[in-house]
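Residue numbers (our numbering): 80 to 421.
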């Protein structure tokens with residue numbers, strides 16, 4: 080049974096899309112730093128009243144232009160892979176057949192040597208292998224699959240910033256907590272329920288979460304604060320790419336000498352354009368996703384990387400033609416969030 084909209088469509092009507100102006104971008108920038116900041120605080124920092132800030136955000140969220148979601152960062156996510164898919168049939172049809180899968184967390188329709196780029200997440204190695212071999216490996220419209228297994232996150236997409244705030248304003252917002260050391264802690268049933276609520280809306284009030292989970296408001300608030308304080312759950316304020324002046328998404332796939340991998344990855348993670356930097360095992364050992372303002376910027380950034388990192392080779396690259404799903408959120412052809420799918 081279909082549980083999602085066709086790729087490029089909307090599962091439900093979106094509000095009118097007026098685009099993002101300067102104040103909208105500053106509000107999004109503030110929430111990227113402190114996703115659950117009160118409207119009073121955001122308004123105070125930006126010099127506007129809280130009612131205006133709340134009204135602006137509600138409009139952006141209703142139009143699918145910006146949203147706050149939640150995820151389990153780093154190792155807690157499970158086993159991950161970046162999978163390149165060549166299609167024998169129509170890539171849109173293949174994408175539509177995959178986009179509702181829980182394991183398919185991100186799906187880009189891409190240029191170059193692959194038709195689709197799929198971010199796959201499974202709870203363990205067996206589940207990951209099952210999905211890769213039995214689901215992706217046997218599709219009648221899939222010609223070939225190349226898998227890069229993710230070994231570490233150097234920069235997560237939730238850490239990317241629009242950068243629309245001056246430094247003094249940005250400093251007034253509180254970043255998320257540091258991740259707890261050691262192995263990931265298995266979440267309790269209540270924590271899983273809270274995470275599910277925050278995935279739908281990272282700004283969901285504690286009163287609403289309490290009603291959903293059938294616990295007192297104080298208890299719901301404590302669970303949210305604990306999960307965020309120790310970064311067992313991370314909040315991610317995201318935005319429709321084409322509406323924030325970053326019309327181009329590119330992927331770079333690099334081959335880096337093993338002894339230099341950590342250093343190179345750390346340097347690339349500091350690029351303002353970098354949305355995601357992961358080390359991998361496969362044809363390449365480093366994958367970088369960037370957002371840029373125009374297509375010519377891709378070549379310029381590639382030259383900067385190769386000139387600044389001797390011995391590092393960009394083995395392949397591609398441009399995202401359309402993103403159908405990002406971090407479990409279904410997007411329409413304009414990159415607007417339509418619904419939380421998985």
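Glycine residues also receive a C-beta, built at the ideal position from the N, C-alpha and C atoms.
Keep in mind the model is a prediction, meaning the values are calculated, not measured.
- Sequence-distant partners of residue 228 (beyond 5 residues in either direction) whose C-beta falls short of 7 Å from its own C-beta, in its chain, are 160, 359, 360 and 361.
- For the stretch 184-245, the full-length alpha helix (DSSP H) segments reaching 4 residues or more read 204-209 along the chain.
- Rounded to whole angstroms, the gap between the alpha carbons of residue 336 and residue 390 is 8 Å.
- Distance from the CA of residue 179 to the CA of residue 198, rounded to the nearest whole angstrom, comes to 13 Å.
- In this structure residue 255 is buried. Its beta-carbon is surrounded by 16 or more other beta-carbon atoms within 10 angstroms.
- Contact check for residue 352 against residue 380 passes: the beta carbons are separated by less than 8 Å.
- When DSSP states are grouped into helix, strand and coil, residue 131 belongs to the helix group.
- Residue pairing of residue 418 in beta bridges, as defined by DSSP: 409.
- Its Cα nearest to that of residue 238, the residue 349 stands out among 105, 349, 251 and 320.
- Taking the Cβ atoms as the reference, residue 99 lies roughly 6 Å from residue 144, within the contact range of under 8 Å.
- Checking the DSSP bridge columns, you'll see residue 254 has no partner listed.
- Sorting 111, 409 and 410 by C-alpha distance to the C-alpha of residue 249 places 111 at the top.
- Residues 165 of the same chain have their beta carbon placed closer than 7 Å to that of residue 223, with the five preceding and five following residues left out of the count.
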